[in-house]
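In our numbering, the protein residues as written are 159 to 527. Glycine residues also receive a C-beta, built at the ideal position from the N, C-alpha and C atoms.
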Ligand SMILES: Cc1ncc(COP(=O)(O)O)c(C=O)c1O
């Protein structure tokens, strides 16, 4: 029977379900430099080695999280009781919306933001207030409007912020984030910081948890450890908040394979650090090559495992993305995002690939200039 010939199935759905339209990820032959997966020969070797060491019992048996949690607690110097593992930070964000934003009745999102925040808020019918954290052209960070919104938002609310500010690649001083956490506490809010790209800039807010019990830190393993396909993230919080999150049984969706891979990643931390440092070098050389051709563009430093450029022309990023797509490379135009008019982002890969991509960018931007 064709899909069209199947009888319609009507069943009760959540009211918010009508407001969202998820799209499946479709495989293409293009090189994906859009999603900031960690593409580096060093991390490929590390993951290959880790995969070879995954044991039968990691997939045959229901997983125990204790060993991986203890390793994470050691690496981040934080109590094990304050760590919640989820199947990626996308799932962590859904969980935080369910556990805290929905009961609070409001979400304040610093824009630009990772799409999952507004997606899950719409699904759960949580009112969203979007607040810009980038000002000017080229953009710089400014938490002034967000601080104002914390005072104005009905209390309590969940406040979501990414640092490094994604997808811009700018970094907020963690002291500024600590001040924001104090302000959030003053107004009865919970501040969630997504530090998805923190490994690439040495940014972490986990130490702030000691003094700010209303802070939650989400750290993806997708980018830092090249585990996007394994689906794993860690949520760091006060143990009392972790106990609330645990009621939603996030442990039941985290696989033993993912735990084993992260465990080995944490054991190989120095080798990963060398990969992150080498990516910074690759980024520097790529940015220099692009700006040599287009000195009129601005690179938003320091970037992550990606480089974001501001072109000054709101139309150009879509054309660059389309031109690269025709040449088999997917990148992301950011021109429609708050504060990022005229910008596009390219995830990093190995040296040869980035030299080729710099050449393609020259080709497509000159062609259309
Ligand atoms: C800022 C930010 N947060 C979270 C995520 C999602 O990461 P995960 O793979 O852990 O769901 C991404 C992925 O691109 C991201 O850019």
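In the structure shown, residue 394 falls within a strand segment according to DSSP collapsed to helix, strand and coil.
Nearest to residue 419 by C-alpha distance, out of 382, 443, 434, 441, is 382.
Residue 457 places its beta carbon 8 Å or farther from that of residue 501.
Going by DSSP, residue 290 is part of the beta strand (DSSP E) stretching over 286-290.
In summary, residue 405 is exposed, with fewer than 16 beta-carbon neighbours lying within 10 Å of its beta-carbon over all protein chains present. Of the residues assessed, residue 180 falls on the exposed side of the cut-off, its CB having fewer than 16 other CB atoms within 10 angstroms. What you get when you keep residues with a C-beta closer than 6 Å to any heavy atom of ligand 1 is 193, 194, 246, 247, 248, 272, 320, 324, 352, 354, 378, 380, 386, 391.
Put simply, the segment 462-479 touches the segment 492-509. At least three CB pairs are less than 8 Å apart. By the CB criterion at 8 Å, residue 363 and residue 375 fall inside the cutoff. Looking at the DSSP output, residue 361 sits in no beta bridge, so it has no partner there.
In this structure, 436 is the residue among 497, 495, 436, 476 with its C-alpha nearest to the C-alpha of residue 509.
In the DSSP assignment, residue 505 forms a beta bridge with 464. With respect to the C-alpha of residue 267, the residue from 460, 289, 214 having the closest C-alpha is 289. For residue 348, the pairing in a beta bridge is given by DSSP as 316. Cβ contact annotation for residue 402 (same chain, cutoff 7 Å, sequence separation greater than five): 257, in chain order.
Of the residues assessed, residue 213 falls on the exposed side of the cut-off, its CB having fewer than 16 other CB atoms within 10 angstroms. Residue pairing by DSSP puts residue 190 in a beta bridge opposite 488.
The three-state secondary structure of residue 212, taken from DSSP, is coil. Note: residue 241 is bridge-paired with 394 in the DSSP secondary-structure output.
Membership of residue 233 in the alpha helix (DSSP H) is indicated by the continuous run 224-234.
Residue 284 places its beta carbon less than 8 Å from that of residue 264. Rounded to the nearest whole angstrom, the CA to CA distance from residue 238 to residue 222 is 14 Å.
Boundaries for residue 266: no alpha helix (DSSP H) harbours it, while the beta strand (DSSP E) harbouring it runs 265-269, taken from the DSSP string.
The three-state secondary structure of residue 169, taken from DSSP, is coil. Secondary structure at residue 330: coil, using DSSP grouped into helix, strand and coil. The beta carbons of residue 478 and residue 523 sit closer together than 8 Å. Sixteen is the threshold: when 16 or more other Cβ atoms of the shown chains lie within 10 Å of the Cβ of residue 348, as they do, the residue is buried. Short of 7 Å from the beta carbon of residue 483, and not among the five residues preceding or following it, lie these beta carbons of its own chain, in chain order: 188.
Beta-bridge partners assigned by DSSP to residue 377: 392.
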